[in-house]
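Have a look at the structure below, then the notes.
There are 2 protein chains.
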Amino acid sequence: MQNPRVNQALIVDLYELTMAAGYFDNSLNIDATFEMFIRDLPLNRSFLVSAGLYQVVEYLKHLKFEDEEIEYLRKLPPFKHVSNDFFDYLRQFEFRGDVWAIPEGQIFFPGEPLLRVTAPIIEAQIIETYVLSMLNFQTMVASKSARVAQAARIDEKDRGVMEFGSRRAHGPEASVLAARASYIAGCMGTSNVMAGKKFDIPVYGTAAHSWTMAFDSETAAFEAYHRVFPESTILLIDTYDVKEGAKNALKLNKKFQGVRIDSGDLLEYSKIVRKILDDNDYKDAIIVASGDLDEFKIKALVENNAPINSFGVGTKMVTSEDAPSLGGIYKLVEIERDDKIQYKSKFSDEKATYPGKKQVYRIVDDNGNYLKDVIGLVKDQIPEKHKTLLIKVINKGKLVYESPNLKTIRNNFIEHLKKLNDACKRFENPETYPVLYSKNIQQLFNELKKREI
Amino acid sequence: MQNPRVNQALIVDLYELTMAAGYFDNSLNIDATFEMFIRDLPLNRSFLVSAGLYQVVEYLKHLKFEDEEIEYLRKLPPFKHVSNDFFDYLRQFEFRGDVWAIPEGQIFFPGEPLLRVTAPIIEAQIIETYVLSMLNFQTMVASKSARVAQAARIDEKDRGVMEFGSRRAHGPEASVLAARASYIAGCMGTSNVMAGKKFDIPVYGTAAHSWTMAFDSETAAFEAYHRVFPESTILLIDTYDVKEGAKNALKLNKKFQGVRIDSGDLLEYSKIVRKILDDNDYKDAIIVASGDLDEFKIKALVENNAPINSFGVGTKMVTSEDAPSLGGIYKLVEIERDDKIQYKSKFSDEKATYPGKKQVYRIVDDNGNYLKDVIGLVKDQIPEKHKTLLIKVINKGKLVYESPNLKTIRNNFIEHLKKLNDACKRFENPETYPVLYSKNIQQLFNELKKREI
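The structure is reproduced here in structure tokens:
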């Protein structure tokens, strides 16, 4: 990317920095392990799709505090009694810890660490806000988009979903990240040009109603468009009247790629328009549908055989409208001081946190199909055939993992999804995919709990 | 801000650029006026709060296409037949139009243009995606946050709301923008340090549960914190047990600023903790409450006299959880070609768009209280005492408006809110604030409709 990096060190909750100063000035030299995980499935979801790791790694690689930022912090009232040494420390700060993570495009479930960080406690703490905001958002959008793509049955026919939501995303950056996350989860591309350029995602889009309205007639607008884009013209035919629009498209008397319908009863209109096109030797012209779509509407259209080739989906996908936040948290699970390990847990019923550095063991059958997951300690021995989900991404501050390109991530996701059984992917009342804790981790948790009481 | 600007020209839906190329290669030299407005109030809202104009102006000021971006576009398949002249045009592109807008922190309503752009049609079209994504998002968050601040009755007591939602915002940039928008709408500050530095917003935050868990005991953790932050210590007392936590705070035997409760029954706990503090000569220590709060929970706490001094509100405010997108649209209302004006309208019942360049006339009484709004044409003469909401921001590409600083915007909002009558601000079943269309605009609309039929 040609753009200069904006320094993101201050995208952090103040308390991460006050804690950092507190650890520093108390000379608390301990290594801490934090894990990021999601407690519960969002409404309507039966699985989660990992996304956002690439941006987290970029952030960690470049994380540093500039002089101007340090001067700002130094002048904040709470930092009045903080030592100069702390600010000197910040000036030379870099992330030197270890990071393990589930690669992007993987299917995972609540309780499973998406990311595990082991580092001097200040380093592990300071990154919390950014890491959560990035992983929560992209994972939320990918998990929603997977449902939209599934509803469109992108695997059965040459049908696709285009992400069209930039104008309703939560700001310009969110629009780019949402395009990325939805592509990972099976969308065919996006309308967002920045996302296209930055992540090599196919970009789509032709014209809006304002194009048609800027000309004296619909036919004049269609002709003018086709003149400039003879091979890629998708005519938006619903500015005035869909049927008339379809007929005006025929008046072009030239091959065009297709038409788009953006309003009204998409099932009825798509059938009418398909017939008009077919009856007039435009069998190859595709029909694109858009307008307030989500997975439920798309499912109904597909099940009723609406002759729609691709869906443009915006607002409801990029804001994950039925579940517009993902509650990922970042919890302390272990500290190490003078080579002595202390496990950390929380015991309250709803908010239990299991102790220790974890790995997710996915038990598979001989064909690689997913049978169940076991959340265990990293040192657990799992006798059944399995794969481990978390891989090492950063070792003592050095990147040891090369992120695949986005197309590969998307392909990986599509392969993973095939291995999850259909009952767990059902739209309504899906079966719960079995996720268990290993004996060792249960035992450790119970021991710590006993000691607590 | 010390950071280099990231060029944002490509944060645009592809179709804005194909239309631009289409207008260019068809030599369609017309001036177009687009207006951005919201059709309907989001769920649970009775008014909207304008926010995001500052970022839109910054974007327009700096909008240009870099060589690398132009090369990317040129290679996209749809642009195959587009003339070289168009790319030369893009290379020297700058925004030279006029912009009128409702200033930030104003109360406004559906149908009222928040922004009006008049420019050569390509310029007016290309900016649509960015403008919508920015204004939709910040206005959505400000409109939600206004309710949260209102529920906390920030005007009656020394009570405040702190924005704590960065980790659940839709990515890092959204976290900064959400902090800004919620401050405009009455929050006292944010945990987001970048927002604090960039916009001069007060920043808040002390410590997380992980701080307490990193020490061998809660008292050790409290002492260590107080050592470094003697004047600003807010002790998080619910890591293990709230009552014990409050008692451990007393064991400090030193003045501290307050305590924070982040879980459980905040009404009951705040009362218990207040009593413990009061009984032990800590009458000045404040109580901060947080944990999954929104305006409804805060309203219930305040109405039940929970002794809470400030609320930390996150997820539900920064994602506007009950209405997580704002459907602002950007519509063509007028074009001018060879000094001839054509008005543009849409006539469908649900999606009517009124024609012409508009102004919002707010009719006020002698004390400045808001009586009703009239959406009229710019040339309308309104006999009643009124103020006009849209002001000129950019004139032929030159900035002619200086945005107030954020504190002033926030103060303006608080003053505006006082002028809206209580019935329209009620939480449940609010009265609808009257918004009418002027006779002239109705007449124009009806004439155009007749001509259409």
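Heads up: the protein sequence lines correspond to chains F and G, in order.
For what it's worth, my numbering labels the leading residue of the first sequence as 1, then goes sequentially.
For what it's worth, my numbering labels the leading residue of the second sequence as 454, then goes sequentially.
Ideal Cβ placement from N, Cα and C applies to all residues, glycine included.
Just so you know, these numbers come straight off a predicted model, no measurement behind them.
Report buried or exposed for V400 of chain F, applying the criterion of at least 16 other Cβ atoms within 10 angstroms of its Cβ. Residue numbering aside, residue 400 of chain F sits at position 400 when the first sequence is read from its first letter. Classification of V400 of chain F: exposed, given that the 10 Å Cβ count is below 16.
Under a three-way DSSP split, which group does N84 of chain F fall into? As a first step, residue 84 of chain F must be located in the first sequence, where it is residue number 84. Correct three-state label for N84 of chain F: helix.
What residues in its chain sit with their C-beta under 7 angstroms from that of I483 of chain G, if we drop five residues either side in the sequence? Within the second sequence, the letter at position 30 stands for residue 483 of chain G. Here the set comprises I574, I788, E789, R790.
Nearest-angstrom Cα distance between D292 of chain F and R116 of chain F? Numbered from its first residue, the first sequence carries residue 292 of chain F at position 292. Numbered from its first residue, the first sequence carries residue 116 of chain F at position 116. Whole-angstrom Cα-Cα distance: 38 angstroms.
Distance between F675 of chain G and S182 of chain F (C-alpha atoms, nearest Å): In the first sequence, the residue the question calls residue 182 of chain F occupies position 182. In the second sequence, the residue the question calls residue 675 of chain G occupies position 222. If I take the Cα positions, the gap works out to 44 angstroms.
Using the Cβ count rule (16 or more neighbours within 10 Å means buried), how would you classify F413 of chain F? Counting from one through the first sequence, the residue named residue 413 of chain F turns up at place 413. Per the 10 Å Cβ criterion, buried.
Rounded to a whole number of angstroms, what is the C-alpha to C-alpha distance between N44 of chain F and A423 of chain F? Here residue 44 of chain F refers to the residue found at position 44 of the first sequence. Here residue 423 of chain F refers to the residue found at position 423 of the first sequence. Computed Cα separation, rounded: 14 angstroms.
With a cut-off of 8 angstroms, does the C-beta of M188 of chain F fall near any C-beta of chain G? Taking the first sequence and counting its residues from 1, one reaches residue 188 of chain F at position 188. Answer no: the Cβ-Cβ gap between M188 of chain F and chain G never drops below 8 angstroms.
Using alpha carbons as the reference points, say which of F:I154, F:N440, F:V82, F:N421 lies closest to V302 of chain F. Taking the first sequence and counting its residues from 1, the one referred to as residue 302 of chain F is at position 302. Nearest of F:I154, F:N440, F:V82, F:N421 to V302 of chain F, Cα basis: F:I154.
What runs of the alpha helix (DSSP H), each 4 residues or longer, lie entirely inside the stretch 383 to 449 of chain F? 406 to 419, 422 to 425
Does the beta-carbon of A174 of chain F have 16 or more other beta-carbons within 10 angstroms, so that it is buried, or is it exposed? Taking the first residue of the first sequence as position 1, residue 174 of chain F is located at position 174. With 16 or more other Cβ atoms within 10 Å, it is buried.
Any idea what DSSP makes of S596 of chain G, helix, strand or coil? Start at 1 with the first residue of the second sequence, and residue 596 of chain G comes out as number 143. Three-state DSSP puts S596 of chain G in a helix.
What does a CB cutoff of less than 6 angstroms around Q795 of chain G pick up in its chain, not counting 5 residues either side in sequence? Taking the second sequence and counting its residues from 1, one reaches residue 795 of chain G at position 342. Within the same chain, Q795 of chain G has close Cβ partners I788.
Following the continuous alpha helix (DSSP H) through K752 of chain G, name the residue where it begins and the one where it ends. Counted from its first residue, the second sequence places residue 752 of chain G at position 299. Element bounds for K752 of chain G: 748 to 756.
I'd like to know if M213 of chain F contacts chain G, where contact means its C-beta is closer than 8 angstroms to some C-beta of that chain. As a first step, residue 213 of chain F is located in the first sequence; it is residue number 213 there, counting from the start. It does: the Cβ of M213 of chain F has a partner Cβ on chain G nearer than 8 angstroms.
Taking just the CA atoms, how far does F652 of chain G sit from L889 of chain G? Taking the first residue of the second sequence as position 1, residue 889 of chain G is located at position 436. Taking the first residue of the second sequence as position 1, residue 652 of chain G is located at position 199. About 36 angstroms.
When the distance is taken between beta carbons, is F490 of chain G closer than 8 angstroms to G781 of chain G? For the purposes of this step, residue 781 of chain G is taken as the residue at position 328 of the second sequence. For the purposes of this step, residue 490 of chain G is taken as the residue at position 37 of the second sequence. A contact, by the Cβ cut-off of 8 angstroms.
Quick one, which residues of the stretch 429 to 446 of chain F are near chain G if we go by CB-CB under 9 angstroms, in chain order? none
DSSP puts G711 of chain G in a beta bridge; with which residues? Mapped onto the second sequence, residue 711 of chain G falls at position 258. Answer by DSSP bridge pairing, in chain order: G:I687, G:I739.
Using a Cβ-Cβ cutoff of less than 6 angstroms, which residues in the same chain neighbour N136 of chain F once the five nearest sequence positions on both sides are dropped? By one-based count along the first sequence, residue 136 of chain F stands at place 136. Correct list, in chain order: L326, G328.
Sequence ranges, alpha helix (DSSP H) only - wholly within the stretch 184 to 215 of chain F, length at least 4: 193 to 199, 209 to 213
Are the stretch 578 to 593 of chain G and the stretch 134 to 153 of chain F touching, with three or more C-beta to C-beta distances below 8 angstroms? The stretch 578 to 593 of chain G is not in contact with the stretch 134 to 153 of chain F.
Chain F residues whose Cβ lies nearer than 9 angstroms to that of S635 of chain G: Residue mapping note: residue 635 of chain G aligns to position 182 of the second sequence, counting from 1. Going along chain F, no residue has its Cβ under 9 angstroms from S635 of chain G, so there is no contact; the nearest lies around 13 angstroms.
Using a Cβ distance threshold of 8 angstroms, determine whether the stretch 546 to 559 of chain G contacts the stretch 251 to 268 of chain F, with at least three qualifying pairs required. no
Could you name the residues that DSSP lists as bridge partners for V176 of chain F? Sequence index remark: in the first sequence, residue 176 of chain F carries index 176 (1-based). Answer is none; V176 of chain F lacks a bridge partner.
Please report whether the beta-carbon of A249 of chain F lies at a distance below 8 angstroms from any beta-carbon of chain G. The count along the first sequence starts at 1 and reaches residue 249 of chain F at position 249. Not closer than 8 angstroms to any Cβ of chain G, the Cβ of A249 of chain F fails to qualify, so no.
Find out if the Cβ-Cβ distance for the pair E469 of chain G, E581 of chain G is shorter than 8 angstroms. Here residue 469 of chain G refers to the residue found at position 16 when the second sequence is read from its first residue. Here residue 581 of chain G refers to the residue found at position 128 when the second sequence is read from its first residue. Yes, they are a contact pair.
Helix, strand or coil: which one does DSSP assign to S345 of chain F? Position 345 of the first sequence, counting from 1, holds the residue named residue 345 of chain F. The answer is coil: DSSP assigns S345 of chain F none of H, G, I, E or B.
May I ask you to list, following chain order, the residues of the stretch 609 to 638 of chain G that have a beta carbon less than 8 angstroms from some beta carbon of chain F? F617, S619, R620, R621, A622, H623, G624, P625, E626, A627, S628, V629, L630, A631
Going by the CB atoms, is the gap between E774 of chain G and P42 of chain F shorter than 8 angstroms? For this step, residue 42 of chain F is matched to residue 42 along the first sequence. For this step, residue 774 of chain G is matched to residue 321 along the second sequence. No, the Cβ-Cβ distance between P42 of chain F and E774 of chain G is not below 8 angstroms.
Which residues of chain F have a Cβ atom closer than 9 angstroms to the Cβ of I740 of chain G, listed in chain order? As a position in the second sequence, residue 740 of chain G is number 287, starting the count at 1. Under the 9 angstroms cutoff, chain F gives no residues; its nearest Cβ is about 17 angstroms from I740 of chain G.
Kindly confirm or deny that the stretch 142 to 152 of chain F and the stretch 678 to 695 of chain G touch, where touching means at least three C-beta pairs closer than 8 angstroms. no
T582 of chain G: contacting residues in chain F (beta-carbon distance under 7 angstroms): One-based indexing of the second sequence puts residue 582 of chain G at position 129. Per Cβ cutoff of 7 angstroms: S166, R167.
Output the distance between the C-alpha atoms of R451 of chain F and M641 of chain G, rounded to the nearest integer angstrom. Walking along the first sequence from the start, residue 451 of chain F turns up at place 451. Walking along the second sequence from the start, residue 641 of chain G turns up at place 188. Spanning the two alpha carbons is a distance of roughly 42 angstroms.
6 angstroms Cβ shell around V509 of chain G - same chain, five flanking residues per side excluded: Along the second sequence, read from residue 1 onward, the residue named residue 509 of chain G stands at position 56. Closer than 6 angstroms at the Cβ level, and outside the excluded window around V509 of chain G, lie V584, M587.
I'd like to confirm the pairing. Which residues does DSSP put opposite T33 of chain F in its beta bridges? In the first sequence, residue 33 of chain F corresponds to position 33, counting from 1. Residue pairing for T33 of chain F: DSSP places it in a beta bridge opposite F:T118, F:E334.
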